[in-house]
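Please read the structure below before turning to the comments.
Protein chains in written order, with the numbering used here: chain A, 1 to 483; chain B, 484 to 966.
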C-alpha cells in the first residue's frame, strides 16, 4: 500500500495531539472496521510522512505504538504489516492457536479483560424487585405452614395472570392457567402432552433453540418456515396442511431472534390456518411485554382470534422480570390445563412458592416494569446499532421495536467461525445455525442488547476483531503481500 | 343380635351420665372399630334394657341418638340396624353413591368438616424459616443484577452441600454437585441421562411412586425387589445381574413408604453388587436427615462405600425443610455432573435463585431443623400409632425410627377400596398398589404423620369408617339379617 493511498483512507491528519497517537488510533480504527485488511503491508515511514505532511519521527512513533498495541508487525527487510492484536483465553478452551501467540508475544486485550456474554439474552432484575420480594416475604407465612405443593400454581397468582389476559381482550379464568417453572418448562410440558414421536411440528426459522431441543427430544418431525423477512402466513398454512402438523410453534411478539412483530391480520390468518389444519398453535409471549415504546398500541394476542381452544399461550417472568425467578405459565382450556397439571407432577411436582408470590407482586406493578425495561432496552439497542454501524458497517439488521436482540446478517456464511473467534477474543455470541433446524442461517448472529452501552461497544470491538481474524483464516499466515 | 349378646359386647353400662348418651357412644364405638358389623339388627329396646339393667326409656333415647348421628336406621316392622353415618363430598367427585345419601338424609361429618390430606407426606416450614428467608433476601442483590441463570446451581450453595457430604465421611467438591428443581427433577434428569428405553432398572417394592413414573416415561424395564421386611441384598444383587440392570434405585434411609433403615453391612454389600453388575446405584436421601432421634448414630451414606463413581446420590430440601422450596441436588462425579448440567438446560434452564439462597441458610443451621423435625414427627408417629391400635387394631405396622410415614398392613387386599371410601369420608390416603410396579401391595396403605396429632386421630376415625364401609360392600344394601 502506498503512502498516498493510506493517507486517503486516513482522511488526513487529526487535529488531536500528540499527532503520533492520533495517527496510531486512526490506523487501528481502519483495521478494526475492516477497511484496512489484515496482512496489508504498510507504506514505508518516509512515504506516509510525506503523504500526510508530518515528520518521519511522528510516523515512526505511530508505528511503534501500533506494534505495542499488537496491530502491526515488522520484520527486518520485509517492512511492516497489519495484524490482529493478541487474544486472551476465554473461559472455554480456545480451539486454535492465538494468532499473535505464535510470534511469542503477549499483549493484554485492548480495553477490558472481562469476558462479555452475549449468549444469554436476559437482564438483571428491575428496580422495584426488592419491594416485590419484601411484599412476597410478608405473604409467605400464609403458605409456609402448609405442604407448599400447588401443582397448578398458587390460586392468587393464577388469578392475576388471568386478569392480565382479560385486560388484553382474552377473557380467562384461573382454571385455564397452569404455573410452570419457567417458559422452557412450559414448552417441555406441552411437547410431552400434545406431541407423539413422529408428529410434525411447524417451527419458525430462526426460532428459540431450546424449543427446538424440547421438540427434538420428543421425537417430533420439525418443519421450518422462514421468518427472516417476517411471516408468510400462506406458506405457514401450506406447511401445516401438507405436513399434517400436530402443532405450530410461533413467537409473534418481537420474535426471538429476529425481533419481528406479527401484524394483527397475520395473527387472525394464522389462527384460521391452524383451525383448518387441525393443529395446535403454541404461541410464546415471553417478549410480548418488551415493546421499546410501552405506550405504543399492542397487537392483539393470538388467543384473541381463537374460539376453539386451539391457541395455547406460554408466558414467562424470565425476560420481563428476572431469569433467577423460575416462573412461567400456560394459558389454555380448563380441560387441557388439568392434563398439563397431571403431566407436570412427575417432572417437578410444583413451582417454587416464593418465586410465585414475587411474580404476582411484579405483575400487579407490571406497567412500572415495562416502562423501566423499555427505557434501558432502547438505550442498549441504539448503542449496539451505533457501534455496529461504525465498526462493522457491512453487517445488516433491522431495528426491532421490542424484544432484546438484534438479528444481524454478517454478509458471509461464517457465523460459526466468527462466534468461535469471538469466544477466544472475550465475547460470546450465538451463531445463526443454533436458531435453525438444518444448519442454515450461517450468515446470521444474534446480538442481545441487555448489557450496558459501554459493554456493548466493547463487545462490538471484539466482534470486529473476530471478523478480521476469520477473514484472514484459514490459510496458514503467509508473509504479507503488497496490496 | 340378642340383648345379652350386645350387652356383653358393650361390657355393661358406663358410669357416665346421662346413661343414654354413654350407651349411644359405646354402640357407636363398636360400629367404628368393627366389632359390631354393619347391617347388624339391633336387639329390641326392651331386650337390651333388660340385659343391661336400665330402663327401656334409656335404650329408646340411646337408639334415637344413634339414629340422629346416623349409626342406626329403623323401619317399622323391620326393627333397627347398624349403618354408616352420612358422608360429605370430597374435593374429588365421588365415584359411588354415598351410603347414607340414598335414604335422603344429610348429616355433617362427625367431628370436623375439613378434608384431611394424608396423600402428601410433607410438613410446613420449620420455625427458623423466616430467619433463613430474611438472610437469603439480604444476599439476593448480589445476584439480582445479573442474569440469574446458574444451570449447575449457585456456587455458594454447592459448596455448603459438598461440605455436608464431607462431614458425613464422603469427601466432595462443589463441581460434583448439581442443584436441581427438587428431588423429582433430579430423578427425571438421571433417568434421561443414564437410561435408554428398554434398559432394566431394579427398584424397591414398595417405593416412591413418582420415581416409578419417571422410569416408566423413559421406557425402562422395571425389576422390583421386595423390601416390606427390609432389604435382601443377595436378592437385589441377583436381580441386577440377571436383568443386566443399568441402574438400581434405592431409598436406604427411612425408606418411602416402609420407613426401613438399611444397615451399614447391607449398604456395603449393595455397592459391591452394583459394581459386580456394572450398574449405577441411584440412592435417594430425601429422608436421611429425618431420624426421630437426631442424636442417634447415623448409618454411613451409600456413597461412602463407593470408589468408582457408581453411586449417584439425590438430596432434597422438600421434606426436611419445605416442599414449597423447589430445591434438590445430585452428588456424583464431576464429569457426570457436567453431563447433567447440559441435560437440565432444555428442561428448565436453572433453579430458582432465592430458593437456593434460602436452602443454603437452612443447611448452615441444619441441626436445628433436624431437632425440630424429630420432635414433631415423633409426636405425630406416636399419635397415629395410638389411634390405629385403638380404632383399627387389625392393622399391623412397624414403628419407624425416622421418616414421615407408617406403612400399614390392613389385613385384606382392599387398600384401593378403602382409599376410595376414605376419600368420600373426608380423608385421603394412598393405597399400596401406587407404590408398586405391578398392582400388588393391595393389603397396604401409607399413612404419613406430618399433620397434628388431633388431625391424625380424626383421620384414623374416618379410616375406620371407611373400613367398615368396605367390609359391608359391594353388595347392594340388603335388608338387615339377624346375626
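Here a beta-carbon is modelled for each residue, glycine too, at the ideal position from N, C-alpha and C. Computed from a predicted model, the values in this text were never measured in an experiment.
Hey, would you say residue i sits closer than 8 Å to residue j, going by beta carbons?
i: residue 447/A; j: residue 384/A; result: yes
i: residue 626/B; j: residue 842/B; result: no
i: residue 687/B; j: residue 738/B; result: yes
i: residue 184/A; j: residue 670/B; result: no
i: residue 888/B; j: residue 927/B; result: no
i: residue 674/B; j: residue 698/B; result: yes
i: residue 634/B; j: residue 918/B; result: no
i: residue 248/A; j: residue 268/A; result: no
i: residue 900/B; j: residue 943/B; result: no
i: residue 946/B; j: residue 912/B; result: yes
i: residue 526/B; j: residue 489/B; result: yes
i: residue 532/B; j: residue 523/B; result: no
i: residue 719/B; j: residue 704/B; result: no
i: residue 314/A; j: residue 283/A; result: yes
i: residue 735/B; j: residue 808/B; result: no
i: residue 863/B; j: residue 145/A; result: no
i: residue 181/A; j: residue 815/B; result: no
i: residue 622/B; j: residue 773/B; result: no
If you draw a straight line from the C-alpha of residue i to the C-alpha of residue j, how long is it?
i: residue 202/A; j: residue 300/A; result: 22 Å
i: residue 250/A; j: residue 161/A; result: 21 Å
i: residue 870/B; j: residue 939/B; result: 8 Å
i: residue 415/A; j: residue 828/B; result: 23 Å
i: residue 378/A; j: residue 329/A; result: 27 Å
i: residue 94/A; j: residue 427/A; result: Because residue 94/A sits at a pLDDT of 31, beneath the cut-off of 50, its placement in the model cannot be relied upon, and the point is left open.
i: residue 881/B; j: residue 891/B; result: 8 Å
i: residue 281/A; j: residue 454/A; result: 40 Å
i: residue 594/B; j: residue 908/B; result: Caution applies to residue 594/B, whose pLDDT of 45 falls short of 50 and renders its modelled position unreliable; the value that the coordinates give is listed next. So the alpha carbons of these two residues sit roughly 12 Å apart.
i: residue 370/A; j: residue 636/B; result: 29 Å
i: residue 341/A; j: residue 694/B; result: 17 Å
i: residue 276/A; j: residue 240/A; result: 9 Å
i: residue 209/A; j: residue 925/B; result: 46 Å
i: residue 588/B; j: residue 355/A; result: Here the model assigns residue 588/B a pLDDT of 31, short of 50, so the residue's position is not dependable, and the following value carries that caveat. Spanning the two alpha carbons is a distance of roughly 46 Å.
i: residue 176/A; j: residue 257/A; result: 29 Å
i: residue 662/B; j: residue 826/B; result: 13 Å
i: residue 591/B; j: residue 599/B; result: Note on residue 591/B: pLDDT 32, under 50, position unreliable in the model; no value is reported.
i: residue 458/A; j: residue 859/B; result: 58 Å
i: residue 194/A; j: residue 559/B; result: 59 Å
i: residue 707/B; j: residue 920/B; result: 7 Å
i: residue 335/A; j: residue 915/B; result: 29 Å
Report back the beta-carbon spacing between residue i and residue j to the nearest angstrom; my notes put them in contact at under 8 Å.
i: residue 609/B; j: residue 856/B; result: 7 Å
i: residue 630/B; j: residue 122/A; result: 4 Å
i: residue 952/B; j: residue 904/B; result: 5 Å
i: residue 1055/B; j: residue 885/B; result: Residue 1055/B lies beyond the stretch modelled for chain B, which goes from 484 to 966, so this question has no answer here.
i: residue 794/B; j: residue 754/B; result: 6 Å
i: residue 566/B; j: residue 552/B; result: With 8 Å as the limit, residue 566/B and residue 552/B do not qualify as a contact, their Cβ atoms being about 10 Å apart.
i: residue 133/A; j: residue 620/B; result: 6 Å
i: residue 213/A; j: residue 198/A; result: The pair is not a contact, with the Cβ atoms about 17 Å apart (cut-off 8 Å).
i: residue 534/B; j: residue 501/B; result: Residue 534/B to residue 501/B, Cβ: 19 Å. No contact.
i: residue 967/B; j: residue 545/B; result: Residue 967/B lies beyond the range of chain B shown here (484 to 966); nothing can be said about it.
What residues match up with residue i in a beta bridge as DSSP calls it?
i: residue 730/B; result: 684/B, 763/B
i: residue 73/A; result: 81/A
i: residue 222/A; result: 201/A
i: residue 128/A; result: Paired residues: none, contrary to the question.
i: residue 161/A; result: Paired residue(s): none; residue 161/A is not in a bridge.
i: residue 911/B; result: 600/B
i: residue 444/A; result: 409/A
i: residue 315/A; result: 329/A
i: residue 291/A; result: 402/A
i: residue 180/A; result: 328/A
i: residue 41/A; result: 81/A
Mind checking if residue i is an interface residue toward chain D, Cβ cutoff 8 Å exclusive?
i: residue 730/B; result: No chain D appears in the structure shown, which is made up of the protein chains A and B.
*Let me know the beta strand (DSSP E) ranges lying completely inside the stretch 224-273 of chain A, each 3 residues or longer, listed in chain order.*
247-250
*Note down, one range per segment and in chain order, each beta strand (DSSP E) of at least 3 residues found wholly within the stretch 355-416 of chain A.*
405-409
*At 4 residues or longer, and completely inside the stretch 484-519 of chain B: list those alpha helix (DSSP H) runs for me, N to C.*
486-493, 502-515
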